[in-house]
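All remarks here apply to the structure that follows.
2 protein chains.
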Amino acid sequence: MSLPHAILTALLERPSSGLELTRRFDRSIGYFWSATHQQIYRELGKLEGAGYIRALPTERPARGQKKSYEVLPAGREELARWTSAPQDPKPWRDALFVRLRASAVVGTTTGVEDDLRRHLSLHQRQLAEYEEIEKRDFGPGRDTAQDRLQHLILRAGIDLETVWTQWLASALEEFGRLPEDGGREEEPEREQPES
Amino acid sequence: MSLPHAILTALLERPSSGLELTRRFDRSIGYFWSATHQQIYRELGKLEGAGYIRALPTERPARGQKKSYEVLPAGREELARWTSAPQDPKPWRDALFVRLRASAVVGTTTGVEDDLRRHLSLHQRQLAEYEEIEKRDFGPGRDTAQDRLQHLILRAGIDLETVWTQWLASALEEFGRLPEDGGREEEPEREQPES
DNA sequence: GCTCTTTGTGCAACTAGTTGCACAATGACT
DNA sequence: AGTCATTGTGCAACTAGTTGCACAAAGAGC
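Protein chains in written order, with the working numbering: chain F, 1 to 195; chain C, 196 to 390.
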């Protein structure tokens, strides 16, 4: 459960209102932990209730009015605690693979193939965006410890998107070599290797 | 929402009971779509209610008794429909990156670093397991369309685990070069690049 | 001055997934 | 025969995340 901690991190980097946070999640933090504005507002409420953050004093605190939050010491402590506590990696889930395996067993491959192509171009776009950011924000100048950690994260994104595009390309190649009816099994009772 | 479709796929490959499904999810399908037995039983109930599967007739259908399911034509159709319908890739979420970024801002890196090491060895183990499976199940003999699609999926797993191990190794290297107090910013008000 | 759009904030209901427990049948051990 | 562990099945409560809507304020266009 990382959303509250992602928010604390963002607020430590810079105190912000709900909308500002939403924007920052869209173009930065959301690359590895996405969240909608609804989630963010709800979480801000909880964090405030827990005493981890507080609203910065403002002239007219009314509804529909910008409200900025800053992290309190308790919030910083909680973040430090959470950050250094061990956590298991979540088992990755990807519907695309389910669909691939399903298409092998029902024997229709054209639908997935189209989507494979679409995903490929999405991943290519994302990769390009990351590389753009890398060029822009991580030139030779910036190498404080903080820069280097952020660069490391960006690198993970780039590497991951790279394998995705490569794998999708190779999958499409493989599809090109498949017989028209796809992978429908001829003898359904055959013992499958469970891989 | 892929669990029902993952189950349909598995049942088409071979009719099974809840427990058999659970086992197959553990060592095969679960590599890309994990599920607990509770989820599986619940979903089997729903699928039966929807007329997509049915319990194979058995002598003594009592509680605590093995009950196998098979896919009905309607289930196969639904699976084919779902498989070929376009679906957007889910934005990937990874708490590790949140923690990394958080550690940069709170300035404590030792905890994460230990966990990075632990994750590295977990990914290495997973990678080894996949490669074992590849050697065992996808030798030169097996190359029906279905084999090739399953191999493709396994390849994705291998490729992904490979980048993970590489990235984690490079991250640890980077950590080795960091100053002791980590990435705590010296001037918190500096404009951060939002990458 | 009045509608219209944009910006900022938020609630409520729903869906998916996880955790924790419970209970029946079976065979083994004593 | 009696308890005990194991196997197989399942419910219920909870947590996290998504979707859909609503409402207030402010400025823009007429």
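Note that CB positions come from ideal geometry on N, CA and C, so glycine has one too.
Note that the region 220 to 240 of chain C does not touch the region 128 to 136 of chain F; fewer than 3 beta-carbon pairs, one per stretch, sit closer than 8 Å. Closer than 8 Å to the CB of isoleucine 348 of chain C there is at least one CB belonging to chain F. Contact check for glycine 371 of chain C against serine 84 of chain F fails: the beta carbons are separated by 8 Å or more. Spatial neighbours of proline 15 of chain F in its own chain (CB-CB distance under 8 Å, excluding positions within 5 residues in sequence) are listed in chain order as Leu56, Ser68, Tyr69, Glu70 and Val71. Taking a Cβ-Cβ threshold of 7 Å, the residues of chain C close to glutamate 174 of chain F are Arg343 and Leu347, in chain order. Beta-bridge partners of glutamate 215 of chain C (DSSP): none assigned. DSSP places tyrosine 247 of chain C outside both helix and strand once states are collapsed to three, so it counts as coil. Its Cα nearest to that of leucine 154 of chain F, the residue C:Asp289 stands out among C:Asp289, C:Leu347, C:Gly302 and C:Gly334. Annotation for tyrosine 264 of chain C: the continuous beta strand (DSSP E) segment containing it runs 263 to 266. Considering only C:Gly240, C:Gly213 and C:Leu367, the residue with the shortest C-alpha distance to arginine 313 of chain C is C:Leu367. The shortest CA-to-CA distance from leucine 127 of chain F to any of F:Ile53, F:Ala74, F:Leu19 and F:Thr165 is the one to F:Thr165.
For the region 206 to 220 of chain C, the beta-carbon criterion of a distance under 8 Å to any beta-carbon of chain F is satisfied by Leu207, Glu208, Arg209 and Arg219. Taking 8 Å as the CB threshold, glycine 141 of chain F stays off the interface with chain C. Distance from the CA atom of threonine 304 of chain C to the CA atom of leucine 120 of chain F, rounded to whole angstroms, is 36 Å. In chain order, Val71 place their CB closer than 6 Å to the CB of leucine 12 of chain F, counting only its own chain and leaving out the 5 sequence neighbours on each side. Inclusion of alanine 102 of chain F and histidine 200 of chain C in the CB contact set at 8 Å is warranted, their separation being smaller than that value. With at least 16 other beta carbons inside 10 angstroms of its own, alanine 104 of chain F counts as buried.
Threonine 360 of chain C is outside the set of residues whose beta carbon lies under 8 Å from a beta carbon in chain F. If you draw a 10 Å sphere on the C-beta of aspartate 342 of chain C, you find 16 or more other C-beta atoms in it, and that means buried. Annotation: glycine 51 of chain F has no Cβ neighbours in chain C at a cutoff of 7 Å; minimum Cβ distance is about 17 Å. For isoleucine 158 of chain F, the enclosing alpha helix (DSSP H) stretches over residues 145 to 177.
Within chain C, the residues placing a beta-carbon under 9 Å from that of threonine 108 of chain F are Ala275, Thr278 and Ser279, ordered along the chain. Bounds of the alpha helix (DSSP H) holding aspartate 114 of chain F are 110 to 137. Under the three-state reduction of DSSP, serine 84 of chain F is assigned to helix. The Cβ atoms of valine 106 of chain F and leucine 198 of chain C do not sit closer than 8 Å to each other.
Between glycine 352 of chain C and tyrosine 226 of chain C, the CB-CB gap stays under 8 Å.
Under the Cβ distance rule, glycine 111 of chain F counts among the residues neighbouring chain C, one pair being separated by less than 8 Å.
If you ignore the 5 residues before and after tryptophan 277 of chain C, its C-beta comes within less than 7 Å of the C-beta of His200, all in its own chain and listed in chain order.
Taken through DSSP and simplified to helix, strand or coil, phenylalanine 292 of chain C comes out as helix.
The C-alpha of threonine 217 of chain C lies about 43 Å from the C-alpha of leucine 19 of chain F. Between the alpha carbons of arginine 76 of chain F and leucine 8 of chain F lies a distance of about 7 Å.
At least one CB of chain C lies nearer than 8 Å to the CB of serine 34 of chain F. Of the residues F:Asp115, F:Met1, F:Leu96 and F:Gln87, the one whose Cα lies closest to the Cα of glutamate 308 of chain C is F:Gln87. Between arginine 288 of chain C and chain F, the shortest Cβ-Cβ separation is below 8 Å.
Secondary structure of proline 4 of chain F (DSSP, three-state): helix.
With distances taken between CA atoms, serine 229 of chain C lies nearest to C:Met196 out of C:Arg320, C:Gly240, C:Arg249 and C:Met196.
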